[in-house]
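Visitor:
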Amino acid sequence: MSNIKQISVFTDASFKAETRIAGTGVVITNGNKRIIARKFRTHGVLGIAHAELIGVLNGFELLLDFIVREKYKGKIAISFFIDNIEVHRAIQKYYSKDDIDELNYDLFFKQTLLQIFSFMDDERFEVEYVFIGGKAKKLYKEHIRADILSKSKKTSKKCPKWDKAERDRRKAESQRAKAKNNKIIKKGKI
383 MSNIKQISVF TDASFKAETR IAGTGVVITN GNKRIIARKF RTHGVLGIAH
433 AELIGVLNGF ELLLDFIVRE KYKGKIAISF FIDNIEVHRA IQKYYSKDDI
483 DELNYDLFFK QTLLQIFSFM DDERFEVEYV FIGGKAKKLY KEHIRADILS
533 KSKKTSKKCP KWDKAERDRR KAESQRAKAK NNKIIKKGKI
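Take 383 as the starting number for the sequence shown in the working numbering and just add one per residue.
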């Protein structure tokens, strides 16, 4: 029997440029069992990539709370499922040991990235990041739940019911993000 605990962390974020407020949703599972689902609001966020990065940081913090609460003492294999190519590329700097100063981002973004790297240095963790873009992200019900949590303004744990205008706004926002990711992919910057 393996002493390695397998954990999946699904994160997603939403961002309003006019208010610089981001919402992040985090769903953590152990096999097919959901163990944590939370939403967060963060002020002073730089953009959607920074919001997505904060979502990863929130995922690590929730995971550590779970480990401490459950008094788990073994090795943990963590798979983060993220849908933002910019964040995926920035995190790869950790594995390639490249200097993050080369990243064309604000200091606040880089500080958030360094916090994530400090969690990744924990010897208990084996961390991998899985990019799920396009139609692939719709295959994970946990990612859909993280997306709903990131956009939810309600305090209850139930999924919000949106009116047609809100659905249309979210669809347009999603299409703009998809176009931006496709542009990055076509330039070969992965």
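Even for Gly, the Cβ is constructed at its ideal location relative to N, Cα and C.
Which residue from H432, K415 and L485 puts its Cα closest to that of S390?
Guide: Among H432, K415 and L485, the Cα nearest to that of S390 belongs to K415.
Visitor: What does the alpha-carbon distance come out to for the pair V446 and F507?
Guide: Reading off the sequence, residue 446 comes out as Leu, not Val. Straight-line Cα distance between these residues: approximately 11 Å.
Visitor: Helix or strand or just coil, what does DSSP make of K560?
Guide: Three-state DSSP puts K560 in a helix.
Visitor: By DSSP, does K543 sit in helix, in strand, or in coil?
Guide: Caution applies to K543, whose pLDDT of 43 falls short of 50 and renders its modelled position unreliable; the model cannot decide the point.
Visitor: Quickly, what does DSSP pair Q388 with across the bridge? List them, please.
Guide: Paired residue(s): A459.
Visitor: Which parts of the stretch 485-521 are runs of the beta strand (DSSP E), unbroken and 3 residues or longer, counting only runs that do not cross its ends?
Guide: With a minimum length of 3 residues, the continuous beta strand (DSSP E) runs that stay inside the stretch 485-521 are 507-513.
Visitor: Given a cut-off of 8 Å on the beta-carbon distance, is the pair T406 and T424 in contact?
Guide: Cβ distance < 8 Å, so T406 and T424 count as in contact.
Visitor: Can you tell which of K523, I430, Y476 and S500 has its C-alpha closest to the C-alpha of I467?
Guide: Measuring from the Cα of I467, the nearest candidate turns out to be I430.
Visitor: T411 and E524 - do their beta-carbons sit closer together than 8 Å?
Guide: A contact, by the Cβ cut-off of 8 Å.
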